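Reviewing the structure listed below.
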Amino acid sequence: MNEFALPTAKTKLLAVIGDPVRHSLSPVMFNSAFRALGMDWLYVALPVKLGSSRAAIDGIRALDIVGLSVTTPHKEMVAAVVDQLSPVARKLGAVNCVRRSGEVLIGENTDGKGFVESVRSGLGVEPERSNVVVVGAGGAARAVTLALAEAGATIAVVNRTKDKAEKIVGQMAMENVSTTGFESISDADLVVQATSLGMRNDDPLPFDPNLIGKGQTLVDLIYHPERTPIAAAAAAHGAQIANGVGMLLHQAGEQFRIWTGEEPPLNVMAAAVGLKFAQNTGE
Ligand code: NAP
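Here it is, written out as C-alpha cells:
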C-alpha cells in the first residue's frame, strides 16, 4: 500500500454528479488510477436530482472540488451554468467534465474524443478515410458524430425519429454530415450503434443485421451486456466488432488528462472495473 491509501487533509477531491449514480464505475476507475500513480486525489459519486444542477455547481465552487464528471440528467444544465465552455461542449450544448482554472469553472465534453481515440488505437480505423453511419440521435450519437466529423469522416446519421437525425445535421452544419435511410449501413466502413437498444433482453435489433458484414466495422456503444445481439449478428456475418468499453475508458482517460496533466494508466483503469473489450477482427 502506498502512503495515500487513506484520504488526508491535503487530498484533492473530485466527483461525479448524476441520477442515478450509485452504479457508476467512475470512482473505482479513477481511484485506481490515482493509487497506481501515487497521487493524493480522491473521486466520489454524488447523487444529484434533476433540477439541482445549479445548486451542485455552486457546491463545487464552495467546496474547492478540483474536477467534476457530469452524467445524466445534468449534461445540458451544467453547460448552462458553468463560467466557460470548450468549443466542443459549446457546440454539443452538453458537458461531461468540469475543470477549474482558479475561480473559473470550465465545461468540457470528452465523449467524442474518447470514441475517436478508441477506434484509432483499438481498431485501426482512420476516420479521415471512413464512410460512417451513426445509428441513433441522442446525446452519445451527437458527441460521436461531431468528433468523427472534425476528424474528417463522412457521416450519415440515421434514427427511428427522423426529425432528431435532421436536427443533429442542422446543429453540426458541416458538409460531411448528412442524414439518410438505414439502407446506407451496407455502404459504410464503420457503423456506430448509438441507440439504447440491446441493453435489455427483449429489445428489438436497432437495424437489419443483413446490412452489415465482411470488410465493415461495427462499434456498439453499449458495454453491458458485453456483446449485444446486433454485435453478435454482425460478427457472425464477418464484420469487425467492438463494444463501448473503449469509448468509456478513453473519455475517462481524457478527463484524467484534463484534471491532472498526467497520462492516464488506461490498463489499470480497465482492469479495476473488470471491463472487457468484446472485440473480434472480422477474419
Ligand atoms: P439517448 O439520448 O436517450 O438516445 C437514445 C437513442 O436510442 C435515440 O436515438 C432513440 O431514438 C434510440 N432508441 C431508444 N429506444 C428505441 C427503440 N425502441 N427503437 C429505436 N430506437 C430507439 O441516449 P444516449 O445518452 O445517446 O445513449 C445511447 C446509448 O449509448 C446507451 O445505450 C448508452 O449506454 C450508450 N453510451 C455509451 C457510452 C460509452 O462510454 N460507451 C457513453 C454514452 C452513452 P429516438 O430518437 O427515435 O427516440
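Plus 1 on top of the position in the sequence shown (first one is 1) and you've got the working numbering. Beta carbons: idealized from backbone N, C-alpha and C, even for Gly. All values reported here derive from a predicted model rather than from experimental measurement.
Beta-ladder partner(s) of residue i, from DSSP
i, result
"residue 132", "155"
"residue 108", "86 and 99"
"residue 186", "DSSP output for residue 186 lists no bridge partner at all."
"residue 221", "194"
"residue 46", "17"
"residue 281", "242"
"residue 71", "18"
"residue 179", "157"
Where residue i falls, given that 16 or more other Cβ within 10 Å makes a residue buried
i, result
"residue 2", "For residue 2, the predicted structure reports a pLDDT of 42, less than 50, and the residue's modelled location is therefore unreliable. The matter cannot be settled from this model."
"residue 202", "exposed"
"residue 10", "exposed"
"residue 272", "exposed"
"residue 225", "exposed"
"residue 114", "buried"
"residue 276", "buried"
"residue 50", "exposed"
"residue 24", "exposed"
"residue 163", "exposed"
"residue 205", "exposed"
"residue 64", "exposed"
"residue 48", "exposed"
"residue 166", "buried"
"residue 55", "exposed"
"residue 17", "buried"
"residue 19", "buried"
"residue 90", "buried"
"residue 1", "Because the chain in this structure spans residues 2 to 284, residue 1 falls outside the shown range and cannot be described."
"residue 207", "buried"
8 Å Cβ cutoff met for residue i and residue j
i, j, result
"residue 144", "residue 112", "yes"
"residue 179", "residue 212", "no"
"residue 148", "residue 156", "no"
"residue 28", "residue 57", "no"
"residue 108", "residue 80", "yes"
"residue 42", "residue 69", "no"
"residue 37", "residue 269", "yes"
"residue 136", "residue 193", "yes"
"residue 222", "residue 254", "no"
"residue 195", "residue 177", "no"
"residue 243", "residue 214", "no"
"residue 76", "residue 96", "yes"
"residue 84", "residue 105", "yes"
"residue 110", "residue 87", "yes"
"residue 34", "residue 210", "no"
"residue 185", "residue 133", "no"
"residue 274", "residue 40", "no"
"residue 159", "residue 182", "yes"
Quiz item: How do the region 255-275 and the region 214-234 stand: do at least 3 beta-carbon pairs fall below 8 Å, yes or no?
Solution: no
Quiz item: Counting pairs of beta carbons, one from the region 120-137 and one from the region 214-230, are three or more of them closer than 8 Å?
Solution: yes
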